[in-house]
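Participant: Dropping a structure here in structure tokens format, bear with me for questions.
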Amino acid sequence: EATSNVDTRTEKAIQDAMQRIMENRTSIIIAHRLSTIRDADLIVVMDHGEIVESGSHDALLSQKGKYYDLYMTQYAGFAT
Numbered sequence: 632e633a634t635s636n637v638d639t640r641t642e643k644a645i646q647d648a649m650q651r652i653m654e655n656r657t658s659i660i661i662a663h664r665l666s667t668i669r670d671a672d673l674i675v676v677m678d679h680g681e682i683v684e685s686g687s688h689d690a691l692l693s694q695k696g697k698y699y700d701l702y703m704t705q706y707a708g709f710a711t
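With the numbering used here, the residue at position 28 of the sequence shown is 659, and numbering never jumps.
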């Protein structure tokens, strides 16, 4: 994961560069930081090797399932 051990400013720079590189391409991104995948067209959530949810960021949050739980854990105290 390209952004796992960097500060917020560097993470943003990496994400911006990735956006430019991935434009008009199909890309698979594996990430633990949800900020890395938030803008993806399709997010697939896996738990213990099984796909448990898929959808856009907003759709997954509205389902209040595994993605929602992960998001709330990472961003507790911050507005969505």
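Note that the Cβ used here is the ideal one computed from N, Cα and C, for glycine as well. These numbers were taken from a predicted model, which means no experiment stands behind them.
Following the continuous alpha helix (DSSP H) through E654, name the residue where it begins and the one where it ends.
Facilitator: The count along the sequence shown starts at 1 and reaches residue 654 at position 23. Taken as a continuous stretch (DSSP letters only), E654 belongs to no alpha helix (DSSP H), as it is neither H nor E.
Participant: Would you give the residue range spanned by the beta strand (DSSP E) that I682 belongs to?
Facilitator: Reading the sequence shown from its first residue, position 51 is the one you call residue 682. Taken as a continuous stretch (DSSP letters only), the beta strand (DSSP E) holding I682 covers 681–686.
Participant: If you run the structure through DSSP and keep just helix, strand and coil, what is D638?
Facilitator: As a working mapping, residue 638 is identified with position 7 in the sequence shown. Coil.
Participant: Tell me the rounded alpha-carbon separation between Q705 and R664.
Facilitator: Translated into the one-based positions of the sequence shown, residue 705 becomes position 74. Translated into the one-based positions of the sequence shown, residue 664 becomes position 33. If I take the Cα positions, the gap works out to 8 Å.
Participant: Roughly how many whole angstroms lie between the Cα atoms of G680 and Q646?
Facilitator: Along the sequence shown, one-based indexing puts residue 680 at 49. Along the sequence shown, one-based indexing puts residue 646 at 15. Straight-line Cα distance between these residues: approximately 26 Å.
Participant: Could you check where the alpha helix (DSSP H) with D678 kicks off and where it finishes?
Facilitator: Reading the sequence shown from its first residue, position 47 is the one you call residue 678. That residue, D678, is in no alpha helix (DSSP H); its beta strand (DSSP E) goes 674–678.
Participant: So does the region 648–658 actually touch the region 683–699, counting three or more Cβ pairs closer than 8 Å?
Facilitator: No: the two stretches stay apart, fewer than three of their Cβ pairs being nearer than 8 Å.
Participant: Please list, in chain order, all residues of the same chain as D638 whose beta carbon is under 6 Å from its beta carbon, the five residues on each side excluded.
Facilitator: Here residue 638 refers to the residue found at position 7 when the sequence shown is read from its first residue. Excluding residues within five positions, none has a Cβ falling inside 6 Å.
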